[in-house]
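J.: Can you keep this structure in mind? I'll have questions shortly.
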Amino acid sequence: MQAKLPNRLLVHRTQPSVESQRGGRVPVQTPTETLLGQLTGRERQVLELVADGRSNLAIGRELRLRPKTVEAHLRSLFYKLGLEQSPYEHRRVMAVVTYLGRRPAS
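Using this note's numbering, read the sequence shown as starting at 813 and increasing by one per residue.
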């Protein structure tokens with residue numbers, strides 16, 4: 813499921829690659845892709861809806877989840893993305909920044 817972002821918000825970048833021993837180019841995972849690869853399918857769906865600007869209630873309705881279940885998925889994805897509670901950063905925003913590929917892995 814892809815986030816439905818307006819074209820002006822889409823991130824366009826080339827896939828990094830390295831030279832293989834056979835002479836071809838092999839794609840390499842970026843730190844962001846590695847972080848996002850740790851998420852379950854449901855956590856990724858929740859993150860995509862957060863990126864769309866949805867509230868927990870709206871996410872629950874769309875995915876047919878109870879509010880506590882949405883909160884559990886968010887807690888889990890915050891943990892997997894290394895986003896601790898902080899008075900200086902909003903974890904929901906930082907998760908979306910990671911999803912968009914603009915936050916390097918810690």
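Every residue, glycine too, gets a C-beta built ideally from N, C-alpha and C.
1) Can you tell me the Cα-Cα spacing of L851 and A907, whole angstroms?
2) Flag this pair as yes or no: are the beta carbons of V858 and L847 separated by less than 9 Å?
3) Classify L889: buried if its beta carbon has 16 or more other beta carbons within 10 angstroms, exposed otherwise.
4) According to DSSP, simplified to helix, strand and coil, what is P899?
5) So, at 6 Å on beta carbons, what are the nonlocal neighbours of R903 in its own chain, with the 5 sequence-adjacent residues on each side left out?
T.: With the given structure in hand:
1) C-alpha of L851 to C-alpha of A907: approximately 12 Å in a straight line.
2) In this structure, the beta-carbon distance from V858 to L847 does not fall below 9 Å.
3) With 16 or more other Cβ atoms within 10 Å, it is buried.
4) Coil.
5) Here the set comprises F890, L895.
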